[in-house]
Amino acid sequence: MTTIREMSIDDFDRVIGLMRRTPGVTVREADSREAVAIYLNRNPGMSFVAEHGGELIGCVMAGHDGRRGYLQHLIVAPVHRHAGLASRLVNASLDRLQAEGILKSHIDVLASNEAAMVFWEKIGWRRRADIVRYSFIRDGGENV
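Take -15 as the starting number for the sequence shown in the working numbering and just add one per residue.
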């Protein structure tokens, strides 16, 4: 049986392992243990992992800025896809965001990740064509 529970920093090594094994997912410097711990502490109870038979098979990280929700790193191990697990993870985070009064959320998807785009559109998320995202890295690094 697959269970979903809140993510803790104790899950970090298994989450990063899942990220590294999953096609289409990029691990960056911002995904360090320290950065993830800060993110989880800043956004308590909004990120979740899925386990099956003791194996971590999925995760989603989520938080908000007081106005909008942001989902990060929705990942389900390829052999466990197409069974509704990703939707369950997303809904767990959206439920927590809604409990905080956050009704609109965003997720960034790499333009090369076709499978992710198909998933988000399938579950009713709308691809935005009216905005352009700009990023700036203060120290000039490229993998943050």
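Even glycine gets a Cβ: it sits at the ideal position worked out from N, Cα and C.
Legend entry - Cβ pair count under 8 Å reaching 3, the segment 98 to 118 against the segment 26 to 44: The answer is no - the segment 26 to 44 does not touch the segment 98 to 118, with fewer than three Cβ pairs under 8 Å.
Legend entry - Residues that DSSP places opposite G42 in a beta bridge: Answer is A34, V60.
Inset, instruction - Name the residue from G50, A46, V20, R(-11) whose alpha carbon lies nearest to the alpha carbon of A34. - result: Out of G50, A46, V20, R(-11), R(-11) has the C-alpha closest to the C-alpha of A34.
Legend entry - Residues near L2 in its chain [Cβ-Cβ closer than 7 Å; skip 5 each side]: Taken in chain order, the residues that qualify are L40, C43, I59, A61.
Legend entry - The beta strand (DSSP E) enclosing S89, as first and last residue numbers: For S89, the enclosing beta strand (DSSP E) covers residues 89 to 91.
Legend entry - Cross-strand partners of H48 (DSSP beta bridge): In the DSSP output, where bridge partners are listed per residue, H48 has G53.
Inset, instruction - For E105, I'd like the list of residues in its chain whose CB is within less than 8 Å of its CB, leaving aside the five on either flank, ordered along the chain. - result: Counting only residues of its own chain and dropping the five nearest sequence neighbours on each side, E105 has a CB closer than 8 Å to the CB of R111.
Inset, instruction - Would you identify the three-state DSSP class for I22, choosing helix, strand or coil? - result: Of the three classes helix, strand and coil, the one that applies to I22 here is helix, per DSSP.
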